[in-house]
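To start, the structure under review is shown below, and the notes come after it.
Here it is in structure tokens:
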């Protein structure tokens, strides 16, 4: 299993762009860039994403498989994350939940359902 955490040592040296809108490869919803400028990598409606990053935000992966949300981790104190697993290569990564974006926050009902599946 790959380390689902952030790769902070690699990440701090990354200076690219990546806060781009995209169409969800799972549900086809149009996903807007985050207002605060961070890197959105998952659909706020279904929580799926596409395996495009080696380091979060770099868009350097050649895999391109869909990343299925498999588990909700964390807490309200430490912050919630969605663990995703690539359906093509098995790569796993945890991504922060986005609840404070004024245009497209992550769907609370979808997060609750994912959490209930794992309890």
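Numbering (this note's numbering), first residue to last: 335 to 453. Here a beta-carbon is modelled for each residue, glycine too, at the ideal position from N, C-alpha and C. Computed from a predicted model, the values in this text were never measured in an experiment.
Simplified DSSP state of residue i, which is helix, strand or coil
i	result
residue 446	helix
residue 343	For residue 343, the predicted structure reports a pLDDT of 46, less than 50, and the residue's modelled location is therefore unreliable. A value from the coordinates is still provided. Three-state result, residue 343: helix.
Status (buried if at least 16 other CB within 10 Å, exposed otherwise) for residue i
i	result
residue 370	exposed
residue 337	Note that residue 337 has pLDDT 45, beneath the 50 cutoff, so the model's placement of it is unreliable and no number is given.
residue 433	exposed
residue 425	buried
residue 440	buried
residue 413	exposed
residue 409	exposed
residue 391	buried
Proximity of residue i and residue j at Cβ, strictly below 8 Å
i	j	result
residue 359	residue 417	no
residue 385	residue 361	no
residue 368	residue 435	yes
residue 389	residue 438	no
residue 379	residue 393	no
Proximity winner among the options, relative to residue i (alpha-carbon distances)
i	options	result
residue 396	387, 402, 403	387
residue 372	408, 431, 449, 407	431
residue 406	394, 444, 354	444
residue 415	374, 423, 398	374
residue 376	450, 428, 409, 411	428
residue 450	403, 422, 411, 355	403
residue 422	398, 411, 442	398
Complete runs of the beta strand (DSSP E) confined to the region 367-430 [at least 3 residues]: With a minimum length of 3 residues, the continuous beta strand (DSSP E) runs that stay inside the region 367-430 are 400-409, 413-420, 426-430.
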